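2 protein chains.
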Amino acid sequence: MSKRNQAASLPKHDVFQAIADPTRRGLLRLLVDQEMPVNAISGHFPMTRTAVSKHLRILADAGLVKERKVGRETRYRLDADPLLELKRWLAFYERYWENKLEALKRYVESED
Amino acid sequence: MSKRNQAASLPKHDVFQAIADPTRRGLLRLLVDQEMPVNAISGHFPMTRTAVSKHLRILADAGLVKERKVGRETRYRLDADPLLELKRWLAFYERYWENKLEALKRYVESED
DNA sequence: ATTATAGGAAACCAAATAGTTTCATGTCAA
DNA sequence: TTGACATGAAACTATTTGGTTTCCTATAAT
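So the protein lines, in turn, are chains A and X.
Residues 29 to 140 (this note's numbering) are what the first sequence spells out, left to right.
Residues 29 to 140 (this note's numbering) are what the second sequence spells out, left to right.
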């Protein structure tokens with residue numbers, strides 16, 4: 029049932045786009061093993077809280093962070109799962125750099 | 029010598045940004061094991077040759093394709109090397125989904 | 001009850017992006 | 001040498017992006 033993500037719940041931002049921005053990569057890195065409220069998070073970045081908040085929304089759209097309301101604050105934490113898609117995408121190209129490394133290895137070995 | 033890529037040859041587009049666009053991912057996929065001239069390439073995409081050409085330039089800036097002039101045509105081919113950066117970036121997060129899978133596994137196993 | 005704190009929503013802005021059309025240049029073919 | 005072909009450059013446009021400021025709402029603390 030439900031062909032993955034359709035109509036109703038189409039993620040507005042995919043993981044490729046989400047990680048394209050360096051600030052957002054920084055956010056992921058920061059939330060790796062801490063759940064943090066927006067204020068604490070935004071202290072780590074040279075921009076307004078609102079800007080950080082928007083980045084967090086984009087990450088949430090891509091499924092890369094989860095949010096939880098606690099009292100008057102919203103806490104965010106990493107969800108690395110969507111990165112699996114990236115890993116699968118990357119895997120396809122793996123043999124191409126492996127080929128290169130192979131070639132280099134042969135070249136080096138033929139040098140003695 | 030030369031701390032990687034500095035001043036003079038700063039790549040205007042990094043690999044994260046380069047692969048953010050679906051058309052560009054399509055280009056990489058197409059050039060995986062063929063060297064192709066622009067005209068042949070652009071036939072595979074629903075946009076003008078010029079637009080494709082610009083995407084190719086962005087990929088070239090990120091080092092993901094190499095170009096070679098042959099007579100009056102310019103042929104492009106994949107260079108997967110810069111994807112290693114992405115792989116390293118991803119590797120950092122690997123344990124986070126592994127933890128999840130672990131947890132799931134324990135949960136399933138405790139079910140009999 | 002009043003004040004302070006945490007966060008999102010809205011309106012706005014500048015710059016970047018993804019595309020177009022038109023033009024110029026270099027190379028191949030007749 | 002004349003014409004056709006392959007491509008990049010330039011100028012232009014619409015949309016998206018990344019940021020801001022200003023305001024509103026909900027929760028906590030006094």
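For each residue, glycine too, the CB sits at the ideal point set by N, CA and C.
These numbers were taken from a predicted model, which means no experiment stands behind them.
- Considering only beta carbons, no part of the region 63–89 of chain X lies closer than 8 Å to chain A.
- When the five nearest sequence neighbours on each side are left out, the beta carbons in the same chain lying within less than 8 Å of the beta carbon of Leu-59 of chain A are those of Ile-69, Val-93, Tyr-104, Arg-105, Leu-106, in order along the chain.
- Scanning the region 36–95 of chain A for uninterrupted alpha helix (DSSP H) segments of 4 residues or longer gives 43–46, 50–58, 66–70, 77–89, listed from N- to C-terminal end.
- About 17 Å separates the Cβ atoms of Ala-88 of chain A and Tyr-121 of chain X, ruling out a contact at the 8 Å cut-off.
- With respect to the 8 Å criterion, Leu-118 of chain X and Lys-97 of chain A are not classified as neighbours on the basis of their beta carbons.
- In the three-state reduction of the DSSP assignment, Arg-100 of chain X falls in the coil class, being assigned neither a helical nor a strand state.
- Not a single C-beta of chain X is nearer than 8 Å to the C-beta of Lys-94 of chain A.
- Listed in chain order, the non-local C-beta contacts of Pro-65 of chain A below 6 Å within the same chain comprise Glu-101, Arg-103, local neighbours out to five positions each way being set aside.
- At a cut-off of 8 Å between C-beta atoms, Val-136 of chain A does not count as an interface residue with respect to chain X.
- Distance from the Cα of Glu-63 of chain X is smallest, within the candidate group X:Arg-52, X:Glu-95, X:Glu-126, X:Leu-112, for X:Glu-95.
- Contacts with chain X at 8 Å (Cβ-Cβ) do not include Tyr-104 of chain A.
- Leu-106 of chain A is bridged by DSSP to A:Val-93.
- Taking the CA atoms as reference points, Asp-61 of chain X sits about 16 Å from Arg-52 of chain X.
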